[in-house]
Amino acid sequence: MWALRNSGCLCAAWSWGRSRLARGTAGGRQTDQNPEWQLEEQKLLPQKKVTMELLDHLERLALVDFRNWEGVERLEKAIQFADQLHEVNTEGIEPMDSVLEDRCLYLREDNITEGNCTKELLQNASQTADEYFESPPDSLQKAAFCKLRCSFFAGENLVTGNIPLPKLEEHESFLQDSN
Amino acid sequence: MHTNYMLFLLFFSVAPWRPVVGLEIHAQINSNSKIFSGSQVQFIAPPNSLVSFFDASLPGTLPVLNRRCVEAAVMTGLALSCSINKKSLFDRKHYFYADLPAGYQITQQRLPIAVNGNLSYTFCVGAKQSQLVTKNVRIKRIQLEQDSGKSLHNDARSQTLIDLNRAGVGLMEVVMEPDMCCGVEAAAAVRELQLILQTLGSSQAIMAEGQLRVDANVSVHHPGEPYGVRTEVKNINSLRFLAKAVDYEIQRQIEELENGGTILNETRTFDYKLGCTIPMRDKEGKQDYRFMPEPNLPPLILYDAKSLPANIGDQQVVNIDWIQERLPDLPSVKRVRLVEQYGILPEHSFTLLNEDGLMEFFEDVVRETQMNPKKVIGWVISELLGHLKQYDLTVKESPVNSLSLADLLNLLERRVISSSAAKQVLKELCKGEGKTPLQMVKEKQLELIQNQSELDQICQAVMERHQEEVMEIKAGNRKVLNKLIGLVQRATERRADPILVKQILEKKLSQ
Amino acid sequence: MLRAALREVSTALKEGRVSPTELCQRCLSLIKTTKFLNAYITVTEDTALRQAEESEKRYRRGQSLGDLDGIPVAVKDNFSTAGIETTCASNMLKGYIPPYNATVVQKLLDQGAVLIGKTNLDEFAMGSGSTDGIFGPVRNPWSYSRQYKEKCGQNSRLENEDSSWLIAGGSSGGSAAAVSSFTCFAALGSDTGGSTRNPAAHCGVVGLKPTYGLVSRHGLIPLVNSMDVPGILTRCVDDAATVLGVLAGHDPKDSTTVQDPFNPFELPSVIDVSKFCIGIPKEYHIPGLSSETLAVWSKAADLFENAGARVIEVSLPHTCYSIVCYHVLCTAEVASNMARFDGLEYGHRSNIDKSTESMYAATRREGFNDVVRGRILSGNYFLLKQNYEKYFIKAQKVRRLIANDFVNVFNSGVDVLLTPTTLRDAVPYVEFIKEDNRTRSAQDDIFTQAANMSGLPAVSIPTALSEKGLPIGLQFVGHAFQELQLLTVAKWFEKQAKFPILQLQEMLDHADALSHQKISLFS
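Chains as they are written, first to last, in our numbering: chain A, 1100 to 1278; chain B, 74 to 584; chain C, 65 to 587.
Pasting the structure below:
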């Protein structure tokens, strides 16, 4: 049998593979009481990388909320898991964007081949108005209000922007909605 | 605006502030279809009619690069003396906005298509706009990217409507290093870029149609110290407002700092009605675009004559050398040619190129008239253009076309009318009543008196009536001759050729 | 007839022994009977029958379009199908009807294939069990096979069955179950980390992952753009080659397809493996590997050796890091790909309308399940300016190391690698859900995932039954764009393995018990 024939290197592979696998599936091997594994786990526990600030920042960037503690824990575990990458020596190695990096990009001719399908596009949208997509009646980022500092004009506060941004309180309230 | 430049120079040579202006310019690529999809590029169209599935970010759709957009960027890079990167990469820039359906923009952050160029630009200073100053600005990079859609606010019905016609149109972002110091320079640099783009055809660069958008980065510092905090000024849709916005912002920053305040690293918008910049309220928290390589677009490889591969189809190859050979004459080259060909002054050629269509107009007139181009230029720039500016018209909207002006100048050349009569006629013609020069001349009875004896009689009459002046002239005061000429002119209602009049008077006086 | 291979059915259709409409109706019927498997999200009965009719007309005129004309096929519900709901098993796309066909779907239809339905999956293809979708989990048809019942005890009472049914694997579990239970002759899946090969192994069918760049992804709703490929599930290797022949080739709509011309091939019927070199990667022998699978694996190696092939041990030293690397790159791309789901142009849209930002956030909260949302958040973390170099770029470098491992091995004379596909046979659902999605995926993807990282073609071949009577599959990994060689070796092996046919009667009895109807579908 192949297994027996190669038992020598198999054993070596087995123990090496075992510790690797243990670390690779943090949290998965609950029934494995290998002390070596537990030690590894402790070594990897980071000083708290996940702060409230970071959570808020991520939620705003991703527009996805953690919802509850489980979500946060999931992130912490994910970071912990990813930290294993730092064991690998990648000196002198170029990052790989794509396995097709040696192939050159296909170029198409400047012909009009698409478009003119307004109906088809609007069909799948929940809210439309005439031939437009409709978004809630404010805009992200571009609210403007005037703080007149220019000395050429007599100061009068004019509200030139349309809509205020959601305030932090609003942000919190919609997070609470989900709980 | 131009006198302000002199004031600034003066001001800054005395005061301790050095303003620093850099620009980020987005130019829409002049192509039939969008950069990553086959939908049409057109300024006016029914909403959402020029949108493909990819533009609407339907899941499963993928970008395919438009060859024409690559060529446009290479042309522009070559014209700006950039080094063209034979390999460039595409990235995703993530942020949420209603007019960005995919939640990210495809751009070239890591390795753009062209880098390290420069642009020479010229502008007029001095009271008579006769002094030309030429400066240089370094081009940091040119990158290809997607335009976003448009959101329209209907306050009445409290709606925000999204039109994606513009989403996915190809853009070239041209970044100019902070080598400029004021509004005039910024506007001149952008104007030159605009001319270059239009000459190349890589962009029509019409600011009013949003084909050329400029964001200015402005900061001030004391010479010798590090650069100050900069602000970004957006929403500038004309060259005039660019200069205004930049100058305003410089002033604002100086005043703020001199009053002990600080400058925030913020984004401001230019309110053209009030003529000032206003802060745009930043999103709470920092922005992080989380750039990531665009996995659906392998690297863009460009070739030159040396590296041209044998086994790839012609359509798949963009050959930098081939494009270089076919670059049209750039504005700077055109200006030199105009000076050489027509003997006009450099500042004239500058104006000719600066005004849309004026160069063609001038050349048309020169072709149709016997008048020396060196004289024609005065008529085109000082006279015609002056009137157009007064009525706020572009050259294309001129009530006097090149043939008309040529006719007028020919009348002048043949001494049918005097110079001042011609000016008068031109002024009238510019009112746009549609008459020909000849008609106008006849109508106003501006023909010069050609009859020698008639003139002779009039001169004689004037001399007889003004014996004192005659005495003075004979005594040696030549200047009084002009008065006599003027009197003859008045007597003839300006229909006497002043040169002839002078000749006749002199002859008589010497008798 | 339903158990026949594609080419046999095709011949039968040409010879008029069966008509496309009959075939279609039988499949539809079987789908109804096996509804409890939950393999299908949408059954496109009307369009299928119409397509079958068209096919019939062509056959009558003697103008069939090819081997796939009139053949019922199923497509995973993350491929866009024009006019047919495409949900990705997510609330976000429930009710979404794409206005276009994915290129691979179009190619199938152009060949006259009959689209019988859209199959079930993990939400947005994230998972290895086909258990995390809004339409519920897919049941492995083998849960109801005679083979499993015989081995697993005498209890055939309904309640026990219902609690002991097995997962189909994922995320293309629906497609695998559909093919396995004879309701179609081929199915499209997708493969990002093993999502076609894993369920293929658990359901006892052939699961092919083509080389990245060979088959168009246009219309495949992406998970990880730099690793996704459409996968092919069939009941034998020849069928997989046939379908590949239809699907492969440059697509101008997908810039990640290679421009090299592709020539469809037929696999030789007589195969001599003595000229091949089979590599056995030692790092794939890990503690979690079940002893049965290990035994099957080594037996397979012996088989090749006895037939004269050169069988050597090779090393892929960075194997142990591939899961972590995948984790970072996958979540990052997911974070990016999911940014388009905001409710504005399509898909679910929340009623919360206070501002665009809150609408987006609410839509995404309501539309995505925890797994998806968790990956989006992790992915965004790794893409943050301060983390990008440390995690994302680092993972990209490790990816190159992994890809280089394969290059080195293949350059040293190895033609094909032989590895297990999964750690063990299919587990019962109740056991599977005890662990969270990410952990499970990390474990289950361990053998399959590196092929996605390096873009190489791989195929899972059903090899033997476990002690429980459940399928065990083995995987072959080949050189890039060398599917002909890969499938040739696989075909030879398939012949040797003689994997048994799923004995369905028990399943039908189960259905009978549910519906109190006796239906005999097999002639």
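Glycine included, C-beta positions come from ideal geometry on N, C-alpha and C.
Cutoff 8 Å: residue i Cβ touching any chain C Cβ
i                       : result
residue 1195 of chain A : yes
residue 372 of chain B  : no
residue 1229 of chain A : no
Chain A contact for residue i (CB, 8 Å cutoff)
i                      : result
residue 90 of chain B  : no
residue 567 of chain B : no
Contacts that residue i makes with chain B (C-beta to C-beta distance below 9 Å)
i                       : result
residue 1212 of chain A : 106, 110, 111, 112, 125
Test: residue i CB closer than 8 Å to a CB of chain E
i                      : result
residue 280 of chain B : The question asks about chain E, but that chain is absent: this structure's protein chains are A, B and C.
Which residues DSSP lists as bridging residue i, in chain order
i                      : result
residue 178 of chain B : B:166
residue 377 of chain C : C:344
residue 87 of chain C  : Paired residues: none, contrary to the question.
residue 528 of chain C : C:536
residue 521 of chain C : Beta-bridge pairing links residue 521 of chain C to no other residue.
residue 342 of chain B : B:307, B:351
residue 100 of chain B : B:245, B:285
residue 236 of chain B : B:223
residue 178 of chain C : C:136
residue 561 of chain C : Paired residue(s): none; residue 561 of chain C is not in a bridge.
Within-8 Å CB hit, residue i to chain B
i                       : result
residue 1217 of chain A : yes
residue 73 of chain C   : no
residue 250 of chain C  : no
residue 1162 of chain A : yes
residue 1153 of chain A : no
Rounded separation between residue i and residue j - CA only
i                       : j                       : result
residue 547 of chain B  : residue 565 of chain B  : 24 Å
residue 1171 of chain A : residue 1165 of chain A : 6 Å
residue 524 of chain C  : residue 344 of chain C  : 15 Å
residue 587 of chain B  : residue 532 of chain B  : Shown here, chain B extends from 74 to 584; a query on residue 587 of chain B therefore has no answer.
residue 55 of chain B   : residue 266 of chain B  : Outside the shown range of chain B, which is 74 to 584, sits residue 55 of chain B, and nothing can be said about it.
residue 267 of chain C  : residue 166 of chain B  : 41 Å
residue 323 of chain C  : residue 263 of chain C  : 31 Å
residue 407 of chain B  : residue 414 of chain B  : 10 Å
residue 568 of chain C  : residue 68 of chain C   : 14 Å
residue 1107 of chain A : residue 348 of chain C  : Unreliable placement is indicated for residue 1107 of chain A, whose pLDDT of 33 sits below 50; no coordinate value is reported for it.
residue 584 of chain B  : residue 506 of chain B  : 48 Å
residue 535 of chain B  : residue 558 of chain B  : 9 Å
residue 112 of chain B  : residue 103 of chain B  : 14 Å
residue 371 of chain B  : residue 215 of chain C  : 51 Å
residue 253 of chain B  : residue 222 of chain B  : 31 Å
residue 320 of chain C  : residue 343 of chain B  : 43 Å
residue 133 of chain B  : residue 317 of chain C  : 11 Å
residue 1253 of chain A : residue 310 of chain B  : Since pLDDT at residue 1253 of chain A reaches only 28, below the 50 mark, its modelled position is unreliable, and no value is offered.
residue 129 of chain B  : residue 458 of chain B  : 46 Å
residue 360 of chain B  : residue 401 of chain C  : 19 Å
residue 159 of chain B  : residue 1226 of chain A : 45 Å
residue 405 of chain C  : residue 144 of chain C  : 16 Å
Listed by chain order, chain B residues near residue i by CB distance under 7 Å
i                      : result
residue 318 of chain C : 135
Chain A contact residues for residue i, given Cβ-Cβ distances below 8 Å
i                      : result
residue 388 of chain B : 1206, 1208
Contact list for residue i against chain A, beta-carbon separation under 7 Å
i                      : result
residue 182 of chain C : Those do not exist, as residue 182 of chain C stays about 17 Å from chain A at its closest Cβ, beyond 7 Å.
Partner residues on chain C for residue i, Cβ-Cβ distance less than 7 Å
i                      : result
residue 176 of chain B : 403, 404, 406
Where residue i meets chain C, residues with beta-carbon distance less than 9 Å
i                      : result
residue 167 of chain B : 399, 400, 403, 444, 447
If we require 3 or more residues per run, which beta strand (DSSP E) segments fall completely within the stretch 249-298 of chain B?
285-294
Any chance you could list the alpha helix (DSSP H) runs of at least 4 consecutive residues sitting entirely within the stretch 236-265 of chain C, in chain order?
Unbroken alpha helix (DSSP H) stretches of 4 residues or longer found wholly inside the stretch 236-265 of chain C: 237-244, given in chain order.
If you scan the stretch 108-148 of chain C from start to end, which runs of the beta strand (DSSP E) of 3 or more residues do you find wholly inside it?
Counting only runs of 3 or more, we get 136-140.
Kindly provide the ranges of any alpha helix (DSSP H) runs that are 4 or more residues long and lie completely inside the stretch 278-363 of chain C, ordered along the chain.
301-311
Jot down the residue ranges of each uninterrupted alpha helix (DSSP H) in the stretch 508-553 of chain B, minimum 4 residues, whole runs only, in chain order.
510-517, 525-538, 540-548
Can you give, in chain order, each stretch of the alpha helix (DSSP H) that sits fully within the stretch 452-498 of chain B and has at least 4 residues?
459-463, 475-486
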